[in-house]
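*Asks:* One structure, pasted below without further comment.
2 protein chains.
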Amino acid sequence: MNFDSIVFIVTLFVIVPSESRVLEIKSDRCEKILGSDLIEEIWSYKNVKDDILEYVLEGEFKGKTYDELAKFVDKFGARPSGTEVLEKSIDYMIDLTKNEGINDIITEEVKVPLWERGEEKITMLEPRKKDIELLGLGKSVTTPPEGLEGEVVVVRSFEEFDNFSDEKIRGKIVLYVPVFTTYGETVPYRSQGASKASAKGAIASLVRSITPFSLNTPHTGSQTYADGVVPIPTAAISLEDADLITRMYDRGEKVVLNIKMSSKLDENKISRNTLIDLKGSKHPEKLVIVSGHIDSWDVGQGAMDDGGGMFVSWAAPVILKRLNLTPKRTVRAIFWTAEELGLIGAHAYEEAHRNESHNINFVMESDEGTFAPLGLAVGGTPTTLCIVAEILKLFKSINASTLVEEDNPGSDITVFTSKGIPGASLHNDNGKYFWFHHTEADTMNVEDPDELDLGAAFWTAVAYIIADLSIDIPR
Amino acid sequence: MNFDSIVFIVTLFVIVPSESRVLEIKSDRCEKILGSDLIEEIWSYKNVKDDILEYVLEGEFKGKTYDELAKFVDKFGARPSGTEVLEKSIDYMIDLTKNEGINDIITEEVKVPLWERGEEKITMLEPRKKDIELLGLGKSVTTPPEGLEGEVVVVRSFEEFDNFSDEKIRGKIVLYVPVFTTYGETVPYRSQGASKASAKGAIASLVRSITPFSLNTPHTGSQTYADGVVPIPTAAISLEDADLITRMYDRGEKVVLNIKMSSKLDENKISRNTLIDLKGSKHPEKLVIVSGHIDSWDVGQGAMDDGGGMFVSWAAPVILKRLNLTPKRTVRAIFWTAEELGLIGAHAYEEAHRNESHNINFVMESDEGTFAPLGLAVGGTPTTLCIVAEILKLFKSINASTLVEEDNPGSDITVFTSKGIPGASLHNDNGKYFWFHHTEADTMNVEDPDELDLGAAFWTAVAYIIADLSIDIPR
């Protein structure tokens, strides 16, 4: 998941990102809005929902989501945008789906960047010699082969930094050490830090990894050079090393680093979005989209971000096909490409399909982990919220009835929800998500077979019900 | 902390390591054993205890243990046995102590090994290319410069392994993948795995790191080549990589690795135990020892293992000196050297001082973390346990009144307790200890200033009371 773009979009449209709110819909208010017929219709899906849950939690599909995800990420590992391995992994998913007897699969080409990490090494030279644990940030420029040597200035906040003179920063290495509060609040130090440091003449910028917990674990992620600034090398270092440097700096010790980083950037690679349709029986042109992204960062296995989200979305049409459940509308699974470098696949899809966007009935995305499902984070009108809240009541037995109201839930799908298309992101028990995010530790060890089963069953049943309702989800 | 030696010693003396037991001493039984005079005497230390707690938790010493520990580990980093940095760190501690006006400091030379880690790299060649995260194990031999190439055999338990034919293992790389239960149960796969694998003709052995949690974090530690077996290269790999290889192996895929490891071993270096005395007023020859080890593994900062333990032990004579509290017996702080390679400093001390061992009244060690103190793990006679239990009642206000009964508590001090000398190990809230143990993540980020204050205050007050009691601790 790449949260930066969300923050960006939210900023564009609502200025201040609204806090998520767990919806407390007064039953009587929703009852009035929905009417007893619709409520009764929603509850008529109880048996179908039970069938799906039974098939996935206790039947033939039990453990399959985990097993297929494991086979996939073990075979391909990390799948960065623009690489051959990503394209091979897309072909693999197409074959896997065809083996299920689903043939309504198309791919759509997208121009994507390839940023290839080379050698990366930071050595503390003063006050003592020590290797510093790092991961370069996306699209960082390289250093000279012998590295850049400079003294560190520790910066605790942008507010503090804005008051620093250019003189204090010129020729220095800026190290931002924000304490993690929320991802949204802390990540600007990663995504904008290099540009701000460069504007005052820094030769490189580093950021304390964006995470609440570490085992000396650096976290990569995207960053953008603002127009007009000299691009400088930029990397995230572990909490431990950032805090060590900060303690030394606070004691008045001079901290000198040598930073060696190399990388290659090619902005003109081709990747593909993958679209898998389970055609609707009555309104095949109308879509309920379930989605996750297939690309990942170049570290770990991309099992959590976003292999799990892609696989619960893959599971939806597969499970419905296996159970001979054909909803009125089409259920379309989409595997977005190049999410990590800026929702590139989602933007391309939105542009290419803009003239049929009225056909998107509801757009769903899982890209915040596939831990135990708790419900949905939903963006839409009050009526939409009431419909989804009523549907979620069907999932009390698996503790997945919570509706969180968000203006723009999700990551890729903010491209749609920011234009008023109703949608939802999987709300799940992901309190440790940022421990693993964008690290070598994003592997199958994060995933749990039973939680993936719950997620796949929940995701499939919700998509089915929405795709089969007698009414469209209102905008 | 090096638990292997404990397991060894426990095995020698009691065959099956006894489980720790939280002591439920019936009040009336202890009352009878102790008698009302002794109980009254113990409670007479309430005010002294309060003074010590106040001085450390709210007074001039507040935050000092953390600050001094940070300065120390930030300055020296890891301090492996046999290195110059370890010896410099010993000199630093002597100066730090002298600055407190304590001059009864001696060091005693100990012959220790130096095992220096060189290049370490494991590459998976089949079924796909991937770097494997590793740390070589202590005293591992090197590979040829081009590395060793071999097919992996995954082994889940020694029971399973014992049934494998030599033919299945000959020429292979053995990967042990025990699931972590307790450290004591799981660590033999690290400490004995290479020998067992070599005995059946393996060319190298790897072990899933001995930890319940990982962020792709390898954990080093000691291992011993048994007499008569060919020493083979041996390393720990991360849980994530071990589990990846296991999944591939279980799918019937052939897993081929190249292992490159280099190291140097010199068995004849000299290090020092450090002894700091706060001389007793009445029985200066009688000792209450507080201790931790100053050496560490060669990764991380050795802040938890065992910087924290050493510093709460350093704090005891320093705080007593500052508060003009002179107990009847001598409080001796000892910083053991070369614990990690087999309690070498402790064994040397025990040998050198064997003819005065009757003077050790009580021996205390903190080497299982300095998280919030909960009480003591104690080895001794029923009377000893009752005395300590009564003393611990004084620490209800800081929730440190728990007595855990153990036959041989601690690590270094098992050298003494196994000979019947009563002793105790700091019992603390260390549920995550093995997340950090022997890794790059053993840094100041594990430590908490307030918890260190609690530990230092508790440690000092307990040592003072025992050193000042009218009676010796019985054996």
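Sequence order for the protein chains is A and B.
Sequential numbering from -7 applies to the first sequence in this note's numbering.
Sequential numbering from -7 applies to the second sequence in this note's numbering.
Glycine residues also receive a C-beta, built at the ideal position from the N, C-alpha and C atoms.
Using a cut-off of 9 Å between C-beta atoms, extract the partners of L126 (chain B) located in chain A.
*Replies:* Under the 9 Å cutoff, chain A gives no residues; its nearest Cβ is about 13 Å from L126 (chain B).
*Asks:* Does DSSP classify A416 (chain B) as helix, strand or coil?
*Replies:* Of the three classes helix, strand and coil, the one that applies to A416 (chain B) here is strand, per DSSP.
*Asks:* Helix, strand or coil: how does DSSP classify P210 (chain B) here?
*Replies:* Coil, per DSSP.
*Asks:* Can you tell me whether DSSP reads P105 (chain A) as helix, strand or coil?
*Replies:* P105 (chain A) falls in the strand class under three-state DSSP.
*Asks:* Can you tell me the Cα-Cα spacing of D445 (chain B) and G51 (chain B), whole angstroms?
*Replies:* Spanning the two alpha carbons is a distance of roughly 11 Å.
*Asks:* Which of the three DSSP states, helix, strand or coil, is assigned to G185 (chain B)?
*Replies:* Looking at G185 (chain B) - three-state DSSP - the assignment turns out to be helix.
*Asks:* Between the stretch 428 to 441 of chain A and chain B, which residues of the former have a C-beta closer than 8 Å to a C-beta of the latter?
*Replies:* Per Cβ criterion, the list reads F428, T431, E432, A433, T435, M436, N437.
*Asks:* For G372 (chain A) and G55 (chain A), what's the separation of their Cα atoms in angstroms?
*Replies:* The straight-line gap from Cα to Cα measures roughly 33 Å.
*Asks:* In the stretch 239 to 265 of chain A, which residues sit with their C-beta less than 8 Å from some C-beta in chain B, listed in chain order?
*Replies:* Taking 8 Å as the Cβ-Cβ cut-off against chain B, the residues of the stretch 239 to 265 of chain A that qualify are R239, M240, R243.
*Asks:* Of all the residues that make up the stretch 215 to 233 of chain B, which are near chain A by a beta-carbon distance shorter than 9 Å?
*Replies:* Flagged, chain order: S230, L231, E232, D233.
*Asks:* Apart from the five residues just before and just after S206 (chain B), which ones in its own chain have a Cβ nearer than 7 Å to its Cβ?
*Replies:* Excluding residues within five positions, the ones whose Cβ falls inside 7 Å are S230, L231, E232.
*Asks:* By the DSSP assignment, the beta strand (DSSP E) with R324 (chain A) in it spans what residues?
*Replies:* That run of the beta strand (DSSP E) goes 321 to 328.
*Asks:* Since D66 (chain B) meets chain A, which of its residues come closer than 7 Å, beta carbon to beta carbon?
*Replies:* Simply L236, R239, M240.
*Asks:* Note down, in chain order, every chain B residue with its Cβ under 8 Å from the Cβ of L78 (chain A).
*Replies:* Result: empty, since nearest Cβ-Cβ is about 14 Å, beyond 8 Å.
*Asks:* So G69 (chain B) contacts chain A; which residues on that side make the cut at Cβ distance below 8 Å?
*Replies:* Result: R120, K122.
*Asks:* Mind checking who F64 (chain B) pairs with in its DSSP beta bridge?
*Replies:* DSSP, once it has assigned bridges, lists no residue as partnering F64 (chain B).
*Asks:* So which residues of chain B does N209 (chain A) contact, with C-beta pairs closer than 9 Å?
*Replies:* Sequence inspection shows Thr at residue 209 (chain A); the Asn mentioned does not correspond to that position. L207, N208, T209, A433, listed in chain order.
*Asks:* Please say whether G272 (chain A) and G284 (chain A) have beta carbons closer to each other than 9 Å?
*Replies:* Cβ distance not < 9 Å, so G284 (chain A) and G272 (chain A) don't count as in contact.
*Asks:* For G301 (chain B), report the span of its alpha helix (DSSP H) as first-last.
*Replies:* Element bounds for G301 (chain B): 300 to 314.
*Asks:* Report the rounded CA-to-CA distance for R314 (chain A) versus T329 (chain A), giving the unit in angstroms.
*Replies:* Approximately 27 Å, taken between the alpha carbons.
*Asks:* Looking at C-alpha atoms only, which residue of B:K24, B:L45, B:F387, B:T226 is the closest neighbour of K164 (chain B)?
*Replies:* Cα-wise, what sits closest to K164 (chain B) is B:T226.
*Asks:* Check whether chain B comes within 9 Å of D63 (chain A), counting only Cβ atoms and requiring the distance to be less than that.
*Replies:* Looking at the sequence provided, one finds Lys at residue 63 (chain A) rather than Asp. Chain B, which has a Cβ nearer than 9 Å to the Cβ of K63 (chain A), makes this yes.
*Asks:* Using 8 Å as the cut-off, classify the Cβ of T89 (chain B) as near or not near the heavy atoms of the ligand PLP, replying yes or no.
*Replies:* Annotation note on the ligand PLP: not contained in the displayed structure, which lists no ligands.
*Asks:* Determine which residues share a DSSP beta bridge with V145 (chain B) and list them.
*Replies:* In DSSP, V145 (chain B) forms a bridge with B:V166.
*Asks:* Can you give the Cα-Cα distance for E259 (chain B) and E342 (chain B), rounded to whole angstroms?
*Replies:* So the alpha carbons of these two residues sit roughly 20 Å apart.
*Asks:* Just verifying my parser: in three-state terms, what is the DSSP assignment at P375 (chain B)?
*Replies:* The amino acid at residue 375 (chain B) is misidentified as Pro; the sequence shows Thr. Helix at T375 (chain B).
*Asks:* In three-state DSSP terms, what is I458 (chain B)?
*Replies:* It is helical.
*Asks:* Output the boundary residues of the beta strand (DSSP E) element that contains K256 (chain B).
*Replies:* It spans 248 to 270 - the beta strand (DSSP E) in which K256 (chain B) sits, taken as one unbroken run.
*Asks:* Would you say Q184 (chain B) reaches chain A, if we count a Cβ-Cβ gap shorter than 9 Å as a contact?
*Replies:* No - not a single Cβ of chain A is within 9 Å of the one on Q184 (chain B).
*Asks:* Pick out whichever of A:A453, A:H429, A:T135 has its Cα sitting closest to the Cα of G294 (chain A).
*Replies:* Of the candidates A:A453, A:H429, A:T135, the one whose C-alpha sits nearest the C-alpha of G294 (chain A) is A:H429.
*Asks:* Under the rule that 16 or more other beta-carbon atoms within 10 Å means buried, what is E151 (chain A), buried or exposed?
*Replies:* With fewer than 16 Cβ atoms within 10 Å of its Cβ, E151 (chain A) is classed as exposed.
*Asks:* Could you round the C-beta distance between F354 (chain A) and G415 (chain A) to whole angstroms and report it? I think they count as a contact, below 8 Å.
*Replies:* That pair is a contact at about 6 Å.
*Asks:* Please say whether G367 (chain B) and V468 (chain B) have beta carbons closer to each other than 9 Å?
*Replies:* What the structure shows of chain B is the stretch from -7 to 467, and residue 468 (chain B) is not part of that stretch, so it cannot be assessed.
*Asks:* Residue range of the alpha helix (DSSP H) that D235 (chain B) falls in?
*Replies:* Where D235 (chain B) is concerned, the enclosing alpha helix (DSSP H) stretches over 231 to 242.
*Asks:* So, helix, strand or coil for V133 (chain B), using DSSP?
*Replies:* In this structure, V133 (chain B) counts as coil in the three-state DSSP scheme.
*Asks:* Taking DSSP as the reference, what is the three-state secondary structure of G367 (chain A)?
*Replies:* Reduced to three states, the DSSP call for G367 (chain A) is strand.
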